[in-house]
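These notes are about the structure you will find just below.
Chains as they are written, first to last, in this note's numbering: chain A, 35 to 272; chain B, 982 to 1047.
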């Protein structure tokens, strides 16, 4: 394990880091300069690219954390626990980004910063449920027990992710349906021009690469924290 | 409708949240590295002290035999 904490940065991680930075640069340029100005909402619509991409990576990371939780329960190993914590932390950060940008976009679009709309409420429930995951872990000292409880909790908490995703299809809501807006159950949709669609796809790719890179860096930090905790316990026992 | 101010505010939120997370990762990484180095240094000192103690004991035994 010492090799995991003291080893040099893997080449693959360096490649992903570079790809993430380059693609993010291109995506930001496309969002501000390539995508056309939306006629009704004006310049603020450009937030949509960050809003949708951060929502995607947030939800993907949280679902990923629960899948890793299942793997941990089948084959208990520290590496799955460390990966789950990393995925939850990154998922929380990007979900927060999604909620904050949504609120800022809502002000000129709906004339309010916040409304008790099903999508907004379920997204907030998802965020708070996974925030509680981190708090739960803080309250358990035994590492094995902490990992087991964390895995079970993350599997249960993952139910909030599809609830948030499908909320705009299940209930009447102000939030437009972006993916599958042609569906008969979709309340409101919005049409994108080709440059808008390309910008969204590049932004999603950039956020995905960025998310993978940040999760990997968080995993490396997790191994380091584990090593420090192990040495401290050894010292206390000696 | 001019919504440029909201775009600026939204962009600031995106970069602030993402940037703060990256900064927190870097700071935590540095702190953990420092703590690891400190713990490793202190555990390396312990065997040296034990060796010194054993050598002293041996010397005392030799002295008592004489």
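Built from N, CA and C at the ideal position, the CB exists for glycine as well.
- Item | Residues bridged to residue 72(A) (per DSSP) | 76(A)
- Between which two residues does the alpha helix (DSSP H) containing residue 84(A) stretch? 81-108
- Candidates 254(A), 209(A), 76(A) and 265(A), of which the one nearest residue 149(A) by Cα: 209(A)
- Just the chain B side, please: which residues come within less than 7 Å of residue 259(A) by C-beta, in chain order? 1013
- Message: Here's the rule: buried if 16 or more other CB atoms are within 10 angstroms of the residue's CB, otherwise exposed. What is residue 132(A)?
- Response: buried
- Item | the region 985-997 of chain B: positions lying closer than 8 Å to chain A by Cβ | Residues passing the 8 Å Cβ filter: 985, 987, 988, 990, 991, 992, 994 and 995.
- Query: Which whole-angstrom value describes the C-beta separation of residue 102(A) and residue 86(A), a residue pair presumed to lie in contact below a C-beta threshold of 8 Å?
  - Reply: With 8 Å as the limit, residue 102(A) and residue 86(A) do not qualify as a contact, their Cβ atoms being about 25 Å apart.
- Query: Can you find a CB in chain A that lies within less than 8 Å of the CB of residue 1020(B)?
  - Reply: It does: the Cβ of residue 1020(B) has a partner Cβ on chain A nearer than 8 Å.
- Hey, is residue 203(A)'s beta-carbon within less than 8 Å of any beta-carbon in chain B? Look at residue 203(A): its C-beta is not under 8 Å from any C-beta on chain B.
- Item | For residue 116(A) and residue 169(A), the rounded distance between their alpha carbons | 15 Å
- Beta carbon of residue 227(A) nearer than 8 Å to that of residue 152(A): Residue 152(A) sits away from residue 227(A), with the two beta carbons spaced by 8 Å or more.
- Helix, strand or coil for residue 133(A) per DSSP? helix
- Listed by chain order, chain A residues near residue 1097(B) by CB distance under 9 Å: No information on residue 1097(B) is available, as it lies outside the stretch 982 to 1047 that chain B covers here.
- Message: Can you look up residue 193(A) in the DSSP assignment and give me helix, strand or coil?
- Response: coil
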